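Report on one structure; see the data block that follows.
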Amino acid sequence: MSRFGGALRSEVTKITSTRMWWILAIIMVAYIAVCAGGAAALFGALGDSTNGPSISGESLAPLIYSFGPTLGYVFAVLLGALATTNEFRHQTLTPTFLATPRRGRVLVAKLVALTGAGALYGVLAMIAAVGAGAGLLLAFGIDPQLGDPDTWALVGRSVLAMALWSAIGVGLGVLVPSQVAAIVIVLAFTQFVEPILRLASSIAEWTAQIGQFLPGAASDALVGASFFSLAAGAGGGGTMLEWWQGGLVLLGIAVLVSVLGWFTSWRRDVT
Amino acid sequence: MTAGVTIEFSGLTKTFGAVQAVSDLSFTVEPGRVTGFLGPNGAGKTTTLRMLLGLVRPTSGTATFGGTAYRDLPSPLATVGSALEAASFHPGRSAANHLLTYTQAAGLDRERVQLVLHRVGLGAYGDRRVGGYSLGMRQRLGLAFALLGDPGVLVLDEPINGLDPEGIKWIRLLLRELADEGRTVLISSHLLSEVQQSVDEVVIVSHGKLIHRGSLASLDQSEQKQVIVDATDRAALAAAVEAAGYTVSPLRGGVLVENAEAADVGRIAFAAGIAVTALSQKRVGLEESFLHLVGEEGAL
Ligand SMILES: Nc1ncnc2c1ncn2[C@@H]1O[C@H](COP(=O)(O)OP(=O)(O)O)[C@@H](O)[C@H]1O
Ligand SMILES: [Mg+2]
């Protein structure tokens, strides 16, 4: 167990000893703060006028706060994917496996370390979303729901979602060791392929049954609110998993890609 | 320091697709000596060392440290220190943090980091990011990684590549010191001349096969002597020496006589009434007998 502790400490040092983690974190926090604050201001202003879409204050606050995970998860995946692809790219798998010849131990330590880092990203993302969102809601005289335990349950589930996304990134980086390919896959899938699939899947009841298992949909289910599911829900086919089912789907994806990566790259010759 | 143990290679073989990189290699490497693992580029040295270190899975055969495979060593970095050819650093990480990462993974005392940085002469540069390091500094950092666990066995792949003359002198002394402390030291090189002042033993491979194993002096036995001779009438000289049963070949500045002593060639010329203008004995160096051993393709 202490050997695993050493491997885990090593993986944490790997994250903290380069600039990547905080550069990504700053970009993420700024992006979420601007979007959450902007959306709060927009709906706050629209709420005053008589026409335009109206979302009640009660449902508006959680939607604004869900910007944390829905905008932040791509940063968590990238953090995880970079942690593994960097090892291939800079050939640091050699010293890593020399220090810890049991490769399974290294992979599990990496998954645990990055899950922790993802949770930290989740905390930062929620500070940005709730900080900027609640501030502007208050400015427009809308109740930010900060006294509601449901709000804090959403914050907690968002942190969990971010942690799981980072673990998915680790597994993806093992499955696709090429850093450029991994980044392209992450960006293309999260920003383009999956949104289209989710929209398409909401067309019929049976496709919606499948669509709810898409990772982004599962993540929204876990978080419990998102603009995307609101839009999909308005379309009629808004089938959603339970929050814990969504969490299990994300966990399952993380385990699946890691196990696949173990066989395709992690076990192989390091030359 | 842990005691130096014997490295044992037994029937070690590796094929990459159609390429037979290493073929049935068997030899041992003893403690207390510096052993040079030599062969031209592509001979299979790196692949052999990576199999020894558990990074590459052998197609067949074994490579162990006194009978224990690398992955089964209770504390690998404290038993075997290694530096492999490829630069394996994250350019954005400082040298000290690079070493700290593996110190933690191996459960070593974190004071070792500064100790080994000083030992390899990087004490003042530990906080700099490795991306700014010169090739020589990276070699030294690789060596620092090898020394991290104060191991009894050192396995170094091409450690002299990229070092400046001062660095080469330094590493020679270091290798000698490590072997004198009773450690097992195995270093690879594609140039005999690069390591011939450092090694006691040589293991020569070519095309993945073992072709020579012995002391450095054992290479001398295959040494051949040549004579370079010249005269105003070069053709007559060549004819006279050839008539005496020697193999001759023309050079730009004279005639090369194989397997000959200068005194004998001088006598032949004198007997033929030819006045020589130049006569010298040429010793075939270790390097040339090395190249001879590894064959023509070896002269890459
Ligand atoms: N990962 C690999 N895939 C395919 N062939 C390889 C691989 N690694 C090495 N080889 C081949 O194996 C042979 C031995 O290479 P190597 O061990 O690097 O030799 P050396 O270190 O003596 O220069 C070469 O022909 C090389 O091309
Ligand atoms: Mg090599």
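One line per chain: the protein sequences are U and S, in this order. If you're matching positions, the first sequence starts at 3 in this note's numbering and goes up one per residue. If you're matching positions, the second sequence starts at 27 in this note's numbering and goes up one per residue. The beta carbon of each residue, even a glycine, is placed where N, CA and C say it ideally should be. The structure presented is a predicted model; accordingly, all values stated were derived computationally and were not measured.
Close beta carbons around residue i, own chain, < 6 Å, minus the five adjacent residues each side
i        : result
U:Gly239 : Legend: pLDDT at U:Gly239 = 44, less than 50; position of this residue unreliable, no value from coordinates given.
U:Thr102 : Ala9, Val108
S:Leu78  : Ala89
U:Leu1   : Look at the range of chain U in this structure, 3 to 273, and you will see that residue 1 of chain U is not part of it.
S:Thr2   : Outside the modelled stretch of chain S, which goes from 27 to 326, sits residue 2 of chain S, for which no answer is possible.
Cross-chain neighbours of residue i in chain U, by beta carbon under 9 Å
i        : result
S:Tyr128 : Ser12, Pro97, Thr98, Leu100, Ala101, Thr102
S:Asn123 : Thr15, Lys16, Thr18, Ser19, Thr20
S:Leu51  : Residues of chain U passing the Cβ test: none, with the nearest at roughly 17 Å.
S:Leu103 : Leu100, Ala101
Residue-chain proximity (residue i, chain S), Cβ-Cβ < 9 Å
i        : result
U:Met30  : no
U:Val110 : no
U:Arg159 : no
U:Gln211 : no
U:Gly54  : In this predicted model, U:Gly54 has a pLDDT of only 48, less than 50, meaning its place in the structure is not dependable; the value taken from the coordinates is given anyway. U:Gly54 does not count as touching chain S.
U:Arg200 : no
U:Met3   : Low confidence applies here, because U:Met3 scores a pLDDT of 44, under 50, leaving its location unreliable and the question unanswered by this model.
U:Gln193 : no
U:Leu44  : no
U:Gln93  : yes
Beta strand (DSSP E) segment containing residue i, residue limits
i        : result
U:Gln181 : Per DSSP, U:Gln181 belongs to no beta strand (DSSP E); it is in the alpha helix (DSSP H), 181 to 190.
S:Gln46  : 45 to 55
S:Gly240 : 235 to 241
S:Ile213 : 210 to 215
S:Val320 : Run containing S:Val320: none in the beta strand (DSSP E); it sits in the alpha helix (DSSP H), 312 to 320.
S:Phe63  : 60 to 64
S:Gln252 : 251 to 257
S:Glu184 : S:Glu184 -> no beta strand (DSSP E), and no H or E assigned at all.
U:Pro197 : Here U:Pro197 belongs to no beta strand (DSSP E); instead the alpha helix (DSSP H) covers 196 to 203.
Contacts that residue i makes with chain S (C-beta to C-beta distance below 7 Å)
i       : result
U:Ala83 : Under the 7 Å cutoff, chain S gives no residues; its nearest Cβ is about 15 Å from U:Ala83.
Neighbouring residues, chain S, relative to residue i (Cβ below 8 Å)
i        : result
U:Gly8   : Gln130, Ala131, Ala132, Gly133
U:Asp271 : Arg76, Leu81, Val82, Arg83
Residue span of the alpha helix (DSSP H) that contains residue i, given as start and end
i        : result
S:Pro191 : 191 to 206
S:Gly87  : First-last for S:Gly87: 86 to 91, but that is the beta strand (DSSP E), not the alpha helix (DSSP H).
S:Phe35  : Where S:Phe35 is concerned, there is no enclosing alpha helix (DSSP H), although the beta strand (DSSP E) it sits in stretches over 33 to 42.
U:Ala130 : 105 to 141
S:Ile230 : No alpha helix (DSSP H) holds S:Ile230; the beta strand (DSSP E) holding it covers 227 to 232.
U:Phe77  : 69 to 91
U:Gly171 : 151 to 177
U:Pro217 : 217 to 225
Test: residue i CB closer than 9 Å to a CB of chain U
i        : result
S:Ser120 : yes
S:Phe316 : no
S:Phe171 : yes
S:Ser214 : no
S:Ala113 : yes
S:Ser248 : Residue placement at S:Ser248 cannot be trusted, given a pLDDT of 49 that sits under 50; the coordinates are not used to answer.
S:Thr39  : no
S:Leu305 : no
S:Leu99  : yes
S:Thr210 : no
S:His233 : no
S:Pro117 : yes
S:Thr32  : no
S:Thr73  : yes
Beta-carbon neighbours of residue i, restricted to chain U and to distances below 7 Å
i        : result
S:Leu110 : Thr96
S:Tyr96  : Pro103
Same chain, Cβ closer than 8 Å to residue i, five either side skipped, listed in chain order
i        : result
S:Arg209 : Met27, Gly30, Pro57, Gly58, Pro177, Gly178, Val179, Leu180
U:Cys37  : Phe69, Leu73
S:Gly329 : Because chain S here runs from 27 to 326, residue 329 of chain S falls outside it and cannot be looked at.
S:Glu287 : Lys251, Val253, Gln307
U:Asp145 : Gly59, Glu60, Ala63, Leu139
Cβ-based neighbour list, residue i, same chain, cut-off 7 Å, excluding 5 preceding and 5 following
i        : result
S:Pro117 : Arg155, Val156, Gly157
S:Glu314 : none
U:Phe90  : Pro179
- Message: With a threshold of 8 Å, are at least 3 pairs of Cβ atoms found where one atom belongs to the region 311 to 321 of chain S and the other to the region 228 to 235 of chain S?
- Response: Three or more beta-carbon pairs separated by less than 8 Å link the region 311 to 321 of chain S to the region 228 to 235 of chain S, which places the two stretches in contact.
- Query: Does the region 65 to 82 of chain U come within contact of the region 160 to 169 of chain U, defined as at least 3 CB pairs closer than 8 Å?
  - Reply: The region 65 to 82 of chain U makes contact with the region 160 to 169 of chain U, as at least three CB pairs between them are under 8 Å.
- If we count Cβ pairs, one from each stretch, closer than 8 Å, do we get three or more for the region 38 to 52 of chain S versus the region 95 to 110 of chain S? No, the region 38 to 52 of chain S does not touch the region 95 to 110 of chain S.
- Message: Across the region 253 to 271 of chain S and the region 290 to 308 of chain S, are there enough close Cβ pairs to call them in contact, namely three or more that are closer than 8 Å?
- Response: Per the Cβ contact rule, the region 253 to 271 of chain S is in contact with the region 290 to 308 of chain S (3 or more Cβ pairs under 8 Å).
- Task: Take every Cβ of the region 130 to 142 of chain S, pair it with every Cβ of the region 7 to 15 of chain U, and state whether three or more of those distances are shorter than 8 Å.
- Result: With the cut-off at 8 Å, the region 130 to 142 of chain S and the region 7 to 15 of chain U touch.
- Message: Is it the case that the region 87 to 103 of chain S contacts the region 30 to 42 of chain S, given that we only count it when at least three CB pairs across the two stretches are under 8 Å?
- Response: Segments in contact, yes.
- Query: Is it a yes or a no for the region 139 to 149 of chain S touching the region 123 to 141 of chain U, going by three-plus beta-carbon pairs under 8 Å?
  - Reply: No, the region 139 to 149 of chain S is not in contact with the region 123 to 141 of chain U.
- the region 264 to 273 of chain U contacting the region 156 to 171 of chain S, beta-carbon criterion three pairs below 8 Å: Fewer than three pairs of CB atoms, one per stretch, sit closer than 8 Å, so the region 264 to 273 of chain U makes no contact with the region 156 to 171 of chain S.
- Query: Are there three or more Cβ pairs, one per stretch, closer than 8 Å when the region 212 to 225 of chain S is compared with the region 61 to 79 of chain S?
  - Reply: Between the region 212 to 225 of chain S and the region 61 to 79 of chain S, the count of C-beta pairs closer than 8 Å reaches three or more; the two stretches touch.
- Message: Quick test of the definition: if touching needs 3 or more C-beta pairs under 8 Å, does the region 186 to 201 of chain U touch the region 92 to 99 of chain U?
- Response: A contact is defined here as three or more CB-CB pairs under 8 Å, and the region 186 to 201 of chain U fails this definition with respect to the region 92 to 99 of chain U.
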